[in-house]
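Asks:
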Amino acid sequence: DAGVIQSPRHEVTEMGQEVTLRCKPISGHDYLFWYRQTMMRGLELLIYFNNNVPIDDSGMPEDRFSAKMPNASFSTLKIQPSEPRDSAVYFCASSLQGSGNTIYFGEGSWLTVV
Amino acid sequence: GNSVTQMEGPVTLSEEAFLTINCTYTATGYPSLFWYVQYPGEGLQLLLKATKADDKGSNKGFEATYRKETTSFHLEKGSVQVSDSAVYFCALSERSFQKLVFGTGTRLLVSP
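Chains as they are written, first to last, in the working numbering: chain A, 127 to 240; chain B, 5 to 116.
(1) Label B/E73 either buried or exposed according to how many other C-beta atoms from any shown protein chain fall within 10 Å of its C-beta, with 16 as the threshold for buried.
(2) Along the beta strand (DSSP E) that carries B/Q49, what are the first and last residues, could you check?
(3) Go through its chain and collect everything with a Cβ distance to B/P14's Cβ below 6 angstroms, but skip five positions before and after it.
(4) Which residues of the stretch 42-73 of chain B have a Cβ closer than 9 angstroms to any Cβ of chain A? Give them in chain order.
(5) Mapping DSSP to helix, strand and coil, what is B/D58?
(6) Going by the CB atoms, is the gap between A/Y161 and A/A198 shorter than 8 angstroms?
(7) So which residues of chain A does B/T108 contact, with C-beta pairs closer than 7 angstroms?
(8) Just the chain B side, please: which residues come within less than 9 angstroms of A/L203 by C-beta, in chain order?
(9) Please list, in chain order, all residues of the same chain as A/S201 whose beta carbon is under 6 angstroms from its beta carbon, the five residues on each side excluded.
(10) Examine chain A for any beta-carbon lying closer than 8 angstroms to the beta-carbon of B/Q102, and answer yes or no.
(11) Using CA coordinates, which residue listed in A/T238, A/L169, A/F217 is at the minimum distance from A/I131?
(12) Against chain B, does A/F217 count as a neighbour if the rule is that its beta carbon must be under 8 angstroms from one of theirs?
(13) Report back the beta-carbon spacing between A/Q163 and A/A214 to the nearest angstrom; my notes put them in contact at under 8 angstroms.
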């Protein structure tokens, strides 16, 4: 089975540019999560969706960040405008309710904003 | 609120040594407990889990027992290998919620 698929794997962009990260969850999963990992703050939950509906976006750092899930097989995390402090690894993850709360992670999108 | 506390790293061991990484938690209900592993340059992978008190999760020689009385879920392995070098994350999720709360991670370095 294919796991959680993220793209791009690596992105280097200039400050002020728009960044879009993409995620395809595991087929059939009804929860989707976006996490951010940095050395300073560790793993932070940014937002999660249930059946394509955003449930908790309290972790989104500021209005420059937005996330959408237009259908069950696709989600985006957008940063506009990007800043150097947004440099991090962004993980998408998915899970299926009733599966013992096991969450499966993608390999991450490594973002560098210069 | 819910939280997870892990021992500070890095943990440095020689090959075939015994490993313990401590994890304690605070939760209002009856959480499920997890250990995830992150190898360099990769995402997190589920290593093992336990969903109720006294359950033991195990995988690839690693074990952890859900101890409700001490609110702990310590990770152990009897004989580590160089290939076990990675960052290990303890996490919990409340039964009725899907989202994970992670500890800060513990880096393990195993030398030949």
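Where a beta carbon is used, it is the ideal one built from N, C-alpha and C, also for glycine.
Replies: The answer reads as follows:
(1) When all chains shown are included, B/E73 counts as exposed.
(2) For B/Q49, the enclosing beta strand (DSSP E) starts and ends at 48-54.
(3) Excluding five sequence positions before and after B/P14, the CB atoms of its chain that fall closer than 6 angstroms to its own CB belong to R111, L113, given in chain order.
(4) Against chain A - using a Cβ distance shorter than 9 angstroms - the residues of the stretch 42-73 of chain B are Q42, G45, E46, G47, L48, Q49, L50, K53, T55.
(5) Three-state DSSP puts B/D58 in coil, outside helix and strand.
(6) Contact flag unset, no.
(7) In chain order: G168.
(8) Ordered by position in chain B, no residue passes the 9 angstroms Cβ test against A/L203, which lies about 15 angstroms from the chain.
(9) If we look at A/S201 and ignore the five residues flanking it on each side, its Cβ neighbours are C149, L158, M195.
(10) Taking Cβ atoms only, chain A reaches closer than 8 angstroms to B/Q102, which makes this a yes.
(11) From the listed residues A/T238, A/L169, A/F217, the smallest Cα separation to A/I131 is found for A/F217.
(12) In terms of beta-carbon proximity, A/F217 lines the interface with chain B, with at least one pair separated by less than 8 angstroms.
(13) Indeed, because the Cβ distance is near 6 angstroms, the residues count as touching under 8 angstroms.
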